[in-house]
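First comes the structure, then the notes that go with it.
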Amino acid sequence: MQDADPLDGRASVAPTLWHLCWQAAVGREFFAHTSLYARVRERLIQAHSCRGRVLVDYLLLPTEIHVLAQLPPGQGSSDVARAIGNVVSRWVRQAQPVRSPVLAGPHLAHRITSMAELRSDVRMLAWRPVHLGLCNTPSHHPHGALRIALGLTPVQGFDSRWLLQLFGDTVPLARKAMRGWVSRRPTERVWREWELTRGLGLAMGSVGPQPHMAREVRCAGGAALVAAGGDGIDGALGLLEVWVALKLGLRGVAELREGAGSTSARGRALVACLAVRHQLCSAASVARHFGRAKATLSEQMTACKARHGDGPILATPARRIVDEAHALASSGSVACQEHHCRA
């Protein structure tokens, strides 16, 4: 039996790690009264008091509540989310009696698939208050697990041993390693990719039926492409153009976009296949991007998927595409110069 889809929150047959997040609706704040910080923290702890549940890390912000949790077999993100979201909404509504929704939408759930990703999320949550302009350094924010784990704030019911065990076998060694790990500030590109994969941000673009569009890009590959492209979905497509043009030996991006030959057509189809594979945008959006008929592009995409030589290109991970495209930019190639002029 396979694990459930990480986005639907259904139960798995093995313990699972999750990043859960609740966002406040526009015009709302979770902590209009400061006393709510303690109440919400206690609620998070209580919601994880069931056998097998572990509250690994948490962060309380005016408009965001983040939880890193381990859940036992048979439970999914929705099981613990129900014990938090509805209660917090009721408390906020009581403290701030405004006739409008409290939450921006259902809770956001991201399945964490490795210890490395879990440690990465610990760093991102540590820097989140700084990134949002709430404090100057991670350890200054008082409403999260970080200060408790580092021994800067009394325990207050939160068991920090699970968090510390990610960094060392003893408390002193773990705290030292944790400080070193958290000290590295994430770059803007890392922030953009993380926000996209966690559902905290939308990718903008002009390749849809409207002059501007916004859409979720939760796929890790698509998020990496958007973050690296630097100009939303349009920039990500431009990055794919640069990389595909290199792979096919075209003289530049302009030849791929505007060329009438079979190689140029193949290049446009490869860009479309990669965009769809990484859930960046639809084939119809790529057709609009190139100013081509969707039916023609779809036929060429089908040919690419069947062509033996295109298999390795389509199977290339997004990270490698990003790295090679950026290396191309550093080399000052014609294709990349055209791409940057266009951006």
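Going by the working numbering, the sequence shown opens with residue 143, and the numbers climb by one from there.
For each residue, glycine too, the CB sits at the ideal point set by N, CA and C.
Annotation: the continuous alpha helix (DSSP H) that includes residue 386 extends over 374 to 390. A distance below 8 Å separates the beta carbons of residue 390 and residue 405. CA-to-CA, the gap between residue 408 and residue 384 works out to about 14 Å. Taking 8 Å as the cut-off, the beta carbon of residue 396 is found no closer than this to the beta carbon of residue 442. In terms of Cα proximity to residue 206, the closest of 415, 254, 162 is 162. Residue 420 sits in coil when the DSSP states are folded into three classes, being neither helix nor strand. Rounded to whole angstroms, the separation of the alpha carbons of residue 175 and residue 331 is 34 Å.
If you ignore the 5 residues before and after residue 299, its C-beta comes within less than 7 Å of the C-beta of 184, 187, all in its own chain and listed in chain order.
In this structure, DSSP gives residue 446 a helical state, which the three-state scheme calls helix.
Per DSSP, the continuous beta strand (DSSP E) segment holding residue 196 begins and ends at 196 to 202. For residue 323, same chain residues with a beta-carbon under 7 Å away, outside a window of 5 residues either side, are 261, 265, 309 in chain order. Per DSSP, residue 287 is one residue of the alpha helix (DSSP H) stretching across 287 to 291. Under the criterion of beta carbons closer than 8 Å, residue 339 and residue 365 qualify as touching, at roughly 5 Å. For a cut-off of 8 Å, the C-beta gap from residue 170 to residue 234 is around 7 Å, short enough to register as a contact. The alpha carbon of residue 458 has as its nearest neighbour, out of 224, 251, 363, the alpha carbon of 363. In this structure, the straight-line span from the alpha carbon of residue 343 to that of residue 437 is close to 31 Å. Shortest Cα-Cα distance from residue 418 to any of 220, 360, 462 involves 360. Under the 8 Å Cβ criterion, the segment 284 to 291 counts as touching the segment 197 to 206, having at least three qualifying pairs. In this structure, residue 349 keeps its C-beta atom at 8 Å or more from the C-beta atom of residue 373. Assigned with DSSP and collapsed to three states, residue 354 falls in coil, not helix or strand. In the DSSP secondary-structure assignment, residue 253 is bridged to 160.
Annotated three-state conformation of residue 166 is strand, per DSSP. Considering only 197, 254, 179, 181, the residue with the shortest C-alpha distance to residue 160 is 254. When secondary structure is reduced to three states using DSSP, residue 409 falls in the helix class.
The residue among 271, 242, 191, 195 with its C-alpha nearest the C-alpha of residue 208 is 271. Residue 218 and residue 242 have their alpha carbons spaced roughly 29 Å apart.
By the neighbour-count definition (other C-beta atoms within 10 Å, threshold 16), residue 386 is a buried residue. With contacts defined as CB atoms closer than 8 Å, residue 167 and residue 246 qualify as a contacting pair. In this model, residue 379 and residue 420 are separated by some 11 Å (Cα to Cα).
Contact check for residue 215 and residue 157: beta-carbon distance about 6 Å, within the 8 Å limit, so the pair qualifies. In this structure, DSSP gives residue 209 an extended state, which the three-state scheme calls strand. In the displayed model, residue 246 falls within coil according to three-state DSSP, outside both helix and strand.
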